[in-house]
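Residue numbers (this note's numbering), protein chains in the order written: chain A, 42 to 107; chain B, 42 to 107.
Cβ atoms here follow ideal geometry from the backbone N, Cα and C, with glycine treated the same way.
What you are looking at is a predicted structure, and each value in this text was computed from that prediction instead of being measured.
Just below is one structure, and these are the notes that go with it.
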């Protein structure tokens with residue numbers, strides 16, 4: 042789980058759009074909680090019962106979307 | 042709190058974009074949880090300690106965004 046704080050609500054929504062594009066390309070979809078200009082992102086793999094190497098890689102790539 | 046189930050993840054993200062536009066116009070921002078193609082929306086007013094008539098109105102308008 043990682044929380045990202047953006048400068049504004051529209052900036053947070055733009056970040057979610059970029060994240061959603063990544064998720065759709067990868068066909069792997071994180072849980073996303075939007076709290077005004079903070080966005081909580083959780084990558085996990087239900088079928089594996091937790092966090093895999095791929096989840097960790099996608100978490101790192103999420104941070105690059107800022 | 043209300044949960045909306047869309048047809049796909051991209052459709053859920055488009056719904057969140059429309060919801061975000063409404064929120065920004067109203068300068069009132071709900072909590073939004075994205076769970077693949079399900080979106081949980083909670084309108085509340087922290088300064089009022091709960092749900093106001095305005096929150097209920099915006100919740101009704103959220104359903105019209107589907």
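N- and C-terminal bounds of the beta strand (DSSP E) containing residue i
i: residue 48 of chain A; result: Taken as a continuous stretch (DSSP letters only), residue 48 of chain A belongs to no beta strand (DSSP E), as it is neither H nor E.
i: residue 78 of chain A; result: Taken as a continuous stretch (DSSP letters only), residue 78 of chain A belongs to no beta strand (DSSP E), as it is neither H nor E.
Backbone secondary structure at residue i - three-state DSSP
i: residue 86 of chain B; result: strand
Below-8 Å beta-carbon distance, residue i vs any chain A residue
i: residue 87 of chain B; result: no
i: residue 76 of chain B; result: yes
i: residue 65 of chain B; result: yes
For residue i: DSSP bridge partner residues
i: residue 72 of chain A; result: A:83
i: residue 59 of chain A; result: Looking at the DSSP assignment, residue 59 of chain A forms no beta bridge with any residue, so it has no partner.
i: residue 66 of chain B; result: Residue 66 of chain B is not bridged to any residue.
Chain B contact for residue i (CB, 8 Å cutoff)
i: residue 72 of chain A; result: yes
i: residue 92 of chain A; result: no
i: residue 43 of chain A; result: no
i: residue 56 of chain A; result: no
Residue range of the alpha helix (DSSP H) that includes residue i
i: residue 98 of chain A; result: 94 to 104
Short CB-CB distance (under 8 Å) between residue i and chain C
i: residue 61 of chain A; result: Given the protein chain composition of this structure (A and B), no chain C is represented.
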